[in-house]
Every structure is written in structure tokens, then in C-alpha cells.
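Participant: Per the working numbering, the sequence shown runs over residues 840 to 1015.
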Amino acid sequence: MLIKTVFAGFGGQGVLSMGLNLTQAAMQEGKFVTYLPAYGAEVRGGTANCTVSISDEEISSPVASSPNFVVALNQPSMIRFQNTLQSGGVMFLNSTLISVPPDRGDIEVVSIPANAIAEKLGSIKSANMVILGAFIKKSNLVNLQSLIDGLIVAMKGNQKLIKINNEALSAGFNLV
């Protein structure tokens, strides 16, 4: 079964990292994956999004014209992608930065105060990992340990970053 996800936010929020971490975890589990990043010229502060497709069969196209999931880290991203989400899909919102939810009755909305939780953990930059943890729990696309194993590799053994990101993933995972 092919599952498509769009992660979206401002550059600097870790949107592309979220998608890459999910991609690596899915590959570790032997799944077929595509990862398609897109970002504005400004990068930090500009728009950024990526599409991750995960399947148990080969994937013919990385484009997610009608994703099953959308993870929006800010209001402009929610507005931009709310109508691309397929009916019955799930939209994850960073409720710390998104004050107006989508105006659709045919989707499920999961609100996570990612920035607020990350701030309590001591690292606002880990907000992306908070919402990724919640996404993993709800979507059940990969297991949490695969994601953590991928982070250890991505963080190149930096114990401080690994600890912060593990705490953030667990906080989001346990919230849902």
C-alpha cells in the first residue's frame, strides 16, 4: 500500500529533516521510499516542504498530488496544503503557531503544541521532532526505534543532539 505524506513549514523549522528521518527509518525497515524536498531561495525563513512516499512495492512517482497525511508547522503551510489532503486523510498541526484550523469536515486534525513542548524540553529547535513523534505514533508507518536509530546516524554520534531529539520524539509519541 502506498502512503504519501507532505511535511511543510518555514525554512529552518527542520521540515526537510523530518522527511529525511522518516525516509531513512522506512528504508531501515525494508520499505520502498521516495523523498522529494522543495524549498524557497531564502531557505531559512522561506517556505520549505517535502514529500515522502512509503510503500511495500516499488514507487512509480515521488509526487504526492493527494497525500494521506500533511504535517504543517505553520499557518501558511496549513493553508497551502489543506486542500491537497485526500478526504479521510489526517492533518497534523503545530498548534503553537497555527491558530486557525482547516475548514474541512472530511479530514482528521491532530493538534500538537510542538513549539511549546520543545521549549519545555529546553530546545525550541526540537519542535519538529515532537510533531514527528506524534506523527509516527498516529500513522504507524515506521516504528519509533527505527526513527531513533536513523537519528543516531544522522547526528553523527553527537550525544547532546541525540538526547534532545530522542526526548522530543518520545514526548510527541507519548502525547498521542
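Even for Gly, the Cβ is constructed at its ideal location relative to N, Cα and C.
What does the Cβ neighbour count give for A877, buried or exposed, with the cut at 16 atoms within 10 Å?
Facilitator: Here residue 877 is taken as the residue at index 38 of the sequence shown, counted from 1. The residue in question, A877, is exposed, as its Cβ has fewer than 16 Cβ neighbours within 10 Å.
Participant: Tell me which residue opens and which closes the beta strand (DSSP E) that E1006 is part of.
Facilitator: Residue numbering aside, residue 1006 sits at position 167 when the sequence shown is read from its first letter. E1006 -> not in any beta strand (DSSP E); alpha helix (DSSP H) instead, spanning 998-1014.
Participant: Tell me the rounded alpha-carbon separation between P915 and N997.
Facilitator: The sequence position of residue 915 within the sequence shown is 76, counting from 1. The sequence position of residue 997 within the sequence shown is 158, counting from 1. Each residue's Cα considered, the two are about 33 Å apart.
Participant: So, using beta-carbon positions, are G927 and G972 closer together than 9 Å?
Facilitator: Here residue 927 is taken as the residue at index 88 of the sequence shown, counted from 1. Here residue 972 is taken as the residue at index 133 of the sequence shown, counted from 1. No, the pair does not count as a contact, with Cβ atoms beyond the cut-off.
Participant: Would Q984 be called buried (16 or more neighbouring beta carbons within 10 Å of its own) or exposed?
Facilitator: As a working mapping, residue 984 is identified with position 145 in the sequence shown. Counting Cβ neighbours within 10 Å, Q984 comes out exposed, since fewer than 16 surround it.
Participant: Between the alpha carbons of K1002 and P940, how many angstroms are there, rounded?
Facilitator: By 1-based counting over the sequence shown, the position of residue 1002 is 163. By 1-based counting over the sequence shown, the position of residue 940 is 101. If you take the alpha carbons of K1002 and P940, they lie about 32 Å apart.
Participant: Along the chain, where does the alpha helix (DSSP H) that runs through I970 open and close?
Facilitator: Taking the sequence shown and counting its residues from 1, the one referred to as residue 970 is at position 131. Taken as a continuous stretch (DSSP letters only), the alpha helix (DSSP H) holding I970 covers 966-978.
Participant: For L1000 versus N860, is the C-beta spacing smaller than 9 Å?
Facilitator: In the sequence shown, counting from the first residue as 1, residue 1000 sits at position 161. In the sequence shown, counting from the first residue as 1, residue 860 sits at position 21. No, the Cβ-Cβ distance between L1000 and N860 is not below 9 Å.
Participant: Please report the straight-line C-alpha distance between K964 and S904, rounded to a whole angstrom.
Facilitator: Here residue 964 is taken as the residue at index 125 of the sequence shown, counted from 1. Here residue 904 is taken as the residue at index 65 of the sequence shown, counted from 1. Each residue's alpha carbon lies about 29 Å from the other.
Participant: For T1007 versus A955, is the C-beta spacing smaller than 9 Å?
Facilitator: As a working note, residue 1007 is residue 168 in the sequence shown. As a working note, residue 955 is residue 116 in the sequence shown. Position check: residue 1007 holds Ala in this sequence, whereas Thr was assumed. In this structure, A955 does not lie closer than 9 Å to A1007 by Cβ.
Participant: Count the other C-beta atoms from every protein chain shown that fall within 10 angstroms of the C-beta of V1042, then say buried if there are 16 or more, exposed otherwise.
Facilitator: A question about residue 1042 goes unanswered here, because the residues of the chain that appear run from 840 up to 1015.
Participant: With a CB to CB cut of under 8 Å and the five nearest residues on each side skipped, what residues in its chain are close to I898?
Facilitator: Residue 898 sits at position 59 when you count from the first residue of the sequence shown. Cβ neighbours of I898 beyond the five flanking positions: L841, F871, V872, T873, S892.
Participant: Using three-state DSSP, classify T844 as helix, strand or coil.
Facilitator: By one-based count along the sequence shown, residue 844 stands at place 5. Looking at T844 - three-state DSSP - the assignment turns out to be strand.
Participant: Work out the CA separation of N979 and T862 for me, nearest whole Å.
Facilitator: Taking the first residue of the sequence shown as 1, we reach residue 862 at position 23. Taking the first residue of the sequence shown as 1, we reach residue 979 at position 140. Answer to the nearest angstrom: the Cα atoms are 14 Å apart.
Participant: Among residues of its own chain, excluding the 5 on either side of F846, which ones have a beta-carbon nearer than 6 Å to its beta-carbon?
Facilitator: Numbered from its first residue, the sequence shown carries residue 846 at position 7. Cβ neighbours of F846 beyond the five flanking positions: V854, M857, G858, C889, V910.
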